[in-house]
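Per this note's numbering, residue 5 is the first one in the sequence shown, and the count goes up by one each step.
Cβ coordinates follow ideal geometry from the N, Cα and C atoms, glycine included.
Working notes for the structure below.
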Amino acid sequence: MHHRRPWARRPSLLTAGLAVLIAVVLAACGSGGGDGARAAAGDQRVTLRIGDQSKTLELPLTLSGAARGAPYGLAYSTFADGPHMNAAFSAGRLDVGYMGDTPVLFANAANAGVVAISVAENPVNSQTIIARAGSGIRTPADLRGRRVAFTLGTSLHGYLLNQLDGAGLNQDDISPVNVPVTSLTSTLASGKVDAIVYTRQYTAAVARQAPGSYEIQTRPLPQYSVLLASKSALKNPAKRAAIQDFVLRLARAWSWPKANAAVWVQKYYVDQLKQDPVASRKYFDSLPEARYRPVSPAFVASQRVQARLLGSVGELPKSLDVDDELDPAFTGELTAAFAKAFPAT
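Structural data, given as structure tokens:
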């Protein structure tokens, strides 16, 4: 069972965990190896180091041609989740990165030196809660006293707390099991937990490994994909201009998948994520187009809710200031640039 832990006792755990992640990141990014070595054609006097997950940024930019002609280089590094990317930011290895909304709060608490610069709101839940066969779990209220697996510090974590809160519960009312994202399916299939919090696009794959598992009924929640920029990069005039241009190009590229659904499903869901093409197309068709835009008041309000929920169970300090995630000056500049680039939206 999870017990409340005063935040005053936890900085050492956070620091130790971050130190381990930074060591992993340095090993992965060092020597120009792996995805970090890929750079798009451009003026190499300025190269933006981009943190990506499953090529979610790189693919639409490449397939749409939106990155073509950029007057700067783009070097991509792939990460398993937001916490690992936060470690890379803390190590000074990234200029821009993409993650869910919850890891942004943990980056703030860890003083990772980043701010949110752009968000894409998804009005359709991209996360879900999957229960094992025979568990009898139908709604979040049924999770009381159950073993629930998720990945600490990710958007899955924030989603779970929001769902529990809607049922009058919190993290102390369940038995949390923290496992890597890549182990969630096998953890459910093993029968060691009663439910997992996962991404909806993987429900078909989960059902194959854990026969009889099913999605429970959850309430709609605002969810955000977030672009972060390092504060040091924004202090560099050339990189600041490049980051603004990058966000505009990404916003244009985000329309390409819906306009080319068959190609996108094959390239992203099937080739990249190794998912079933039929299930993937059904899932993708259920999603509305969600373009990246400047940071919105709705995102800030959502972050305040998550900060409260995480602070109430000792996962974040109650004194955490969500405003520290923002750069009002850059948001103003980007808002003006968007108004000029997308006058009809």
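Best match in the options for proximity to residue i [C-alpha to C-alpha]
{"i": "Ser-323", "options": "Arg-312, Tyr-76, Asp-146 and Glu-329", "result": "Arg-312"}
{"i": "Val-230", "options": "Ala-92, His-88 and Val-100", "result": "Val-100"}
{"i": "Ala-120", "options": "Trp-260, Tyr-273 and Leu-238", "result": "Leu-238"}
{"i": "Arg-212", "options": "Leu-192, Ala-257, Pro-226 and Asp-198", "result": "Leu-192"}
{"i": "Val-274", "options": "Ala-74, Ala-208 and Glu-219", "result": "Ala-208"}
{"i": "Ala-245", "options": "Tyr-76, Leu-65 and Ser-68", "result": "Tyr-76"}
{"i": "Ala-145", "options": "Ser-159, Gln-175 and Ser-130", "result": "Gln-175"}
{"i": "Ser-58", "options": "Thr-339, Gln-276 and Pro-332", "result": "Gln-276"}
{"i": "Thr-60", "options": "Thr-132, Pro-261, Arg-223 and Gln-167", "result": "Pro-261"}
{"i": "Asp-325", "options": "Ala-333, Val-309 and Leu-52", "result": "Val-309"}
{"i": "Asn-115", "options": "Ala-92, Ala-265 and Gln-270", "result": "Ala-92"}
{"i": "Ala-172", "options": "Arg-72, Arg-148 and Arg-97", "result": "The residue you asked about is not Ala; residue 172 is Gly in the sequence shown. Taking only the C-alpha atoms, the option nearest Gly-172 is Arg-148."}
{"i": "Ala-294", "options": "Gly-96, Thr-51, Leu-109 and Val-128", "result": "Val-128"}
{"i": "Ser-306", "options": "Thr-66, Asp-105, Val-50 and Ala-348", "result": "Asp-105"}
{"i": "Pro-184", "options": "Leu-156, Asp-198, Ile-133 and Asn-166", "result": "Leu-156"}
{"i": "Ala-257", "options": "Arg-49, Ala-71 and Val-50", "result": "Ala-71"}
{"i": "Gly-318", "options": "Gly-69, Leu-165 and Pro-281", "result": "Leu-165"}
{"i": "Leu-168", "options": "Ala-214, Glu-125 and Leu-225", "result": "Leu-225"}
{"i": "Val-304", "options": "Ala-283, Asp-331 and Asp-280", "result": "Asp-331"}
{"i": "Pro-321", "options": "Leu-98, Leu-109, Lys-196 and Ala-95", "result": "Leu-109"}
{"i": "Gly-216", "options": "Ala-340, Ser-236 and Thr-189", "result": "Thr-189"}
Residue i (DSSP reduced to helix, strand or coil)
{"i": "Ala-114", "result": "coil"}
{"i": "Arg-150", "result": "coil"}
{"i": "Pro-298", "result": "strand"}
{"i": "Val-183", "result": "coil"}
{"i": "Asn-174", "result": "coil"}
{"i": "Ala-199", "result": "strand"}
{"i": "Gly-96", "result": "coil"}
{"i": "Glu-293", "result": "coil"}
{"i": "Ser-139", "result": "coil"}
{"i": "Gly-157", "result": "coil"}
{"i": "Glu-62", "result": "helix"}
{"i": "Gln-221", "result": "coil"}
{"i": "Ser-130", "result": "coil"}
{"i": "Gly-162", "result": "helix"}
{"i": "Val-274", "result": "helix"}
{"i": "Glu-319", "result": "coil"}
{"i": "Leu-324", "result": "coil"}
{"i": "Ala-311", "result": "helix"}
{"i": "Ala-124", "result": "strand"}
{"i": "Val-28", "result": "Since pLDDT at Val-28 reaches only 41, below the 50 mark, its modelled position is unreliable, and the value read off the structure follows with that caveat. The answer is helix: DSSP assigns Val-28 an H, G or I state."}
Residue i burial status per 10 Å Cβ neighbour count (16 or more: buried)
{"i": "Phe-342", "result": "buried"}
{"i": "Arg-136", "result": "buried"}
{"i": "Thr-186", "result": "exposed"}
{"i": "Phe-346", "result": "exposed"}
{"i": "Glu-329", "result": "buried"}
{"i": "Pro-292", "result": "exposed"}
{"i": "Gly-46", "result": "Only weak support is given to the placement of Gly-46: the predicted model assigns it a pLDDT of 44, under 50, and the question is left unresolved by the model."}
{"i": "Ala-27", "result": "Reliability fails at Ala-27, whose pLDDT of 40 lies under 50, so the model's placement of it is uncertain and no value is given."}
{"i": "Val-118", "result": "buried"}
{"i": "Pro-87", "result": "buried"}
{"i": "Arg-142", "result": "exposed"}
{"i": "Asn-112", "result": "buried"}
{"i": "Gln-221", "result": "exposed"}
{"i": "Asp-56", "result": "buried"}
{"i": "Pro-298", "result": "buried"}
{"i": "Gly-162", "result": "buried"}
{"i": "Asp-85", "result": "buried"}
{"i": "Gly-122", "result": "In the sequence as displayed, the identity of residue 122 is Ser instead of Gly. Label assigned to Ser-122: buried."}
{"i": "Ala-124", "result": "buried"}
{"i": "Arg-97", "result": "buried"}
{"i": "Ala-233", "result": "buried"}
Residue range of the unbroken beta strand (DSSP E) whose run includes residue i
{"i": "Arg-53", "result": "51-56"}
{"i": "Ala-145", "result": "Element bounds for Ala-145: n/a, residue is neither H nor E."}
{"i": "Ala-233", "result": "227-234"}
Extent of the continuous alpha helix (DSSP H) to which residue i belongs
{"i": "Ser-284", "result": "281-289"}
{"i": "Gln-213", "result": "207-213"}
{"i": "Gln-270", "result": "Note, Gln-270: premise wrong, no alpha helix (DSSP H); not H, not E."}
{"i": "Ala-71", "result": "Premise fails: Ala-71 is in no alpha helix (DSSP H) and is neither H nor E."}
{"i": "Leu-252", "result": "241-257"}
{"i": "Pro-261", "result": "260-263"}
{"i": "Leu-188", "result": "188-193"}
{"i": "Gly-336", "result": "332-345"}
Contact under 7 Å by Cβ, residue i with residue j
{"i": "Gln-227", "j": "Ser-130", "result": "yes"}
{"i": "Gln-270", "j": "Leu-338", "result": "no"}
{"i": "Arg-204", "j": "Thr-158", "result": "no"}
{"i": "Val-152", "j": "Ile-134", "result": "no"}
{"i": "Ala-255", "j": "Tyr-296", "result": "yes"}
Check: residue i C-beta below 6 Å from any heavy atom of the ligand FAD
{"i": "Phe-110", "result": "Absence of the ligand FAD is noted for the structure shown, with no ligands found whatsoever."}
Closer than 7 Å to chain C by CB, residue i
{"i": "Val-210", "result": "Absence of chain C from the displayed structure is noted, only one protein chain being present."}
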